[in-house]
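See structure below.
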Amino acid sequence: MKFTLILIFALVAPLAYSASLPKKEVPDFIKSLKDLQRGPPRQATTRKSHVKTRWITQKLDNFDEANNATWQDRILINERHFVEGSPIFIYLGGEWVIQPGDIENVHLADIAKEHKGTILTTEHRFFGESIPIKPLSTENLSKYQNVKQALADVVNVIKVLKEDDKYKDSKVVVQGCSYSATMATWLKKLYPDVIVGSWASSAPLEAKVNFREFMKVVGEAYRELGGDYCYNIIDNATSYFENLFYNGQGAQAKKELNLCSDFDENDERDQWQYFSTVANVFANLAQYQNPQNKDLSNYCSNLRNFSDNDYEALSKFVQWRLENPECVSTKYQDAVDYYLWSKDNYDGDGLAWTFQTCSEFGWFQSSGSRNQPFGTNFPVTLYTDICEAVFGSAYSETKIRDLIKETNADFGGIESVEDVYFTQGGLDPWAKVGAGVAQGATIIPQAAHCSDLGSISASDSAALRASKERVSELIAQWLA
């Protein structure tokens, strides 16, 4: 819920290479975005997996009767506990590559077992192994990559399953996390007779171009869980480097930050991309922090341990989180070139999600709020410029704003939907564009993004456990 350009919201593995880069590596700016988009952490298991792979034939265009083209959509399914007529539980895949761990050692799997049901996860079109068409040109993405097509794909998965006699009377419950929780909400809204209920964990519902509130909540998480000293290290270091660039000392900043030689210290978009990378690194840690494990407190200790000097500590910490590259690559044109390259060289996830943010959702995590420690030097223009450079003039900032208005008009923005259970983490940045108390959402104090997916455990806070127990009760009611 993910993602920056989020370009937000899948895997970090650098599968693609851009010929324009000296080491032919994914630019660090893109790596930081992929980290944010990687999907929720999977639960570790040592047990034998009973998850099988199936392929579902989907229409390329669900809304064009004249287009008979089809493609193969991957699902992962566990039918071990299924008894004929029992429910189907679907964890919707989002902007990531689905894995067996998505439906193992999780609360939804426990609920499925209790009801003798089947559990499966669907892979969203244009992610993982579920690629409807190549290349990923602007023309193809604009026709076939959008949430309405993806929702229709899910409906077809259910239809295909129910063609099997053992499933013909099965009721269906869906769950989602982040963007896939958005899908879970809108699936119940658009297709109320297909499913009996949805569990939407950390669902962003309001499409928004300038998502300035995101980094504000990230900063609040560091202050609350890491302490004022941690917030101040980030704030002081960011201000120091911003002042160097502002005062014509960019060469010094470039050296102290270990930026690659092609970084132009006088190009404001190169500067924007560096500061966005820093914010993304810290946001990624906050997005999936576990307060019971003291994750942010420990990361703040690591930050301080790098140096007593705030700006040196930040520089070294960021490089550490980027896996200590020879130099930090945040040149604006390299990011554009990488995305252009990805149109013909599928990169696993990044381009398809970037397109959806440019065409449907926005959610560009800018420095627009002054109440955060990451400075003022990554405006929303950074992301809208990338959209236009990669996808063409139809995705200029003005046109993106029109597209985002259409999304909110189509789906209603932040509003309650019958038989949808909304959960939000109290320190989840995505909650700012999601359902709140007024829409009946359960707010879990200090929790982060999609923090309630795992099985009930002794380490759960009282509020987290209560929320998991509540969704179990609701699902039982939906299935009654």
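As numbered in our numbering, residues 19 to 498 make up the sequence shown, in order.
Idealized CB from N, CA, C, for every residue including glycine.
The structure presented is a predicted model; accordingly, all values stated were derived computationally and were not measured.
Legend entry - As assigned by DSSP and simplified to three states, the class of LYS152: coil
Inset, instruction - Determine the extent of the beta strand (DSSP E) in which ALA218 is found, giving its start and end residues. - result: 215–219
Legend entry - Where TRP114 falls: helix, strand or coil (DSSP): Per DSSP, reduced to three states, the secondary structure at TRP114 is coil, with no helix or strand assignment.
Inset, instruction - Decide if the region 422–440 is in contact with the region 260–274; the criterion is three or more beta carbon pairs, one per stretch, under 8 Å apart. - result: no
Legend entry - Bounding residues of the beta strand (DSSP E) (the contiguous stretch that carries LEU492): Element bounds for LEU492: not the beta strand (DSSP E) but the alpha helix (DSSP H), 480–497.
Inset, instruction - My understanding is that ALA304 touches ALA466, with C-beta atoms under 8 Å, so please give their C-beta distance in whole angstroms. - result: Yes, they are in contact, since the Cβ atoms of ALA304 and ALA466 sit about 7 Å apart, within 8 Å.
Legend entry - Given LYS361 as reference, the closest of ILE106, GLU157 and LYS180 once Cα atoms are compared: GLU157
Inset, instruction - Assign ILE493 to buried or exposed, taking buried as 16 or more other Cβ atoms, counted over all protein chains shown, within 10 Å of its Cβ. - result: buried
Inset, instruction - In angstroms with no decimal places, state the Cα-to-Cα distance between GLU224 and GLY430. - result: 8 Å
Legend entry - ASP246 - containing alpha helix (DSSP H), residue span: Residues 246–264.
Legend entry - Collapsed DSSP secondary structure at PRO40 in the structure displayed: With a pLDDT of only 37 at PRO40, under 50, the local geometry of the prediction cannot be trusted, and the value read off the model is given with reservation. It is coil, neither helix nor strand.
Inset, instruction - Quick one: using the 10 Å Cβ neighbour count with 16 as the cut-off for buried, is PHE81 buried or exposed? - result: exposed
Inset, instruction - List the residues that DSSP assigns as beta-bridge partners of CYS508. - result: What the structure shows of the chain is the stretch from 19 to 498, and residue 508 is not part of that stretch, so it cannot be assessed.
Inset, instruction - Output the boundary residues of the alpha helix (DSSP H) element that contains THR295. - result: 286–305
Inset, instruction - Compare the beta carbon distance of THR139 and TYR109 with 8 Å and say whether it is the shorter of the two. - result: yes
Legend entry - Pair within 8 Å by beta-carbon distance, GLU147 and ILE93: no
Inset, instruction - Count the other CB atoms, across all protein chains shown, that sit within 10 Å of the CB of PRO59; report buried if there are 16 or more and exposed otherwise. - result: exposed
Legend entry - Inter-residue spacing [alpha-carbon to alpha-carbon] between LYS20 and TYR197: Any reading at LYS20 must be qualified, since the residue scores a pLDDT of 41, below 50, and its modelled position is unreliable; the value itself is stated next. Cα-Cα distance, rounded: 7 Å.
Legend entry - GLY237 - containing alpha helix (DSSP H), residue span: 231–239
Legend entry - Close beta carbons around LYS189, own chain, < 6 Å, minus the five adjacent residues each side: Within the same chain, LYS189 has close Cβ partners PRO105, VAL214 and LEU497.
Legend entry - C-alpha distance - ASP187 paired with ASP128, whole-angstrom precision: 21 Å
Inset, instruction - Below 6 Å CB to CB, which residues in the same chain sit around VAL489 once its five sequence neighbours on both sides are set aside? - result: TRP217 and TYR439
Legend entry - Touching by the beta-carbon criterion (3+ pairs, under 8 Å), the region 327–334 and the region 81–91: no
Legend entry - When PRO397, VAL178 and CYS405 are compared against GLU378, the one with the closest alpha-carbon: CYS405
Legend entry - Same chain, Cβ closer than 6 Å to ASP313, five either side skipped, listed in chain order: GLN307
Legend entry - Closer than 7 Å: PRO222 CB and nearest the ligand SAH heavy atom: Ligands in the displayed structure: none, and consequently the ligand SAH is not present.
Inset, instruction - Mind reading off the beta-carbon distance from VAL435 to LYS177? Whole number of angstroms is fine, and I expect it under 8 Å. - result: Beta-carbon to beta-carbon, VAL435 and LYS177 are separated by about 22 Å, too far to satisfy the 8 Å threshold.
Legend entry - Neighbourhood of TYR249 by C-beta, 8 Å cutoff - its chain only, sequence neighbours within 5 removed: GLY237, TYR240, ARG241 and PRO391
Legend entry - Integer Cβ distance of ASN298 from ASP53, believed to fall under 8 Å: 7 Å
Inset, instruction - Between the Cα of GLN193 and those of PRO397, VAL296, SER477 and GLY472, spot the shortest distance and give me the residue it belongs to. - result: GLY472
Legend entry - Those residues which DSSP pairs with LYS226 across a bridge: GLY380
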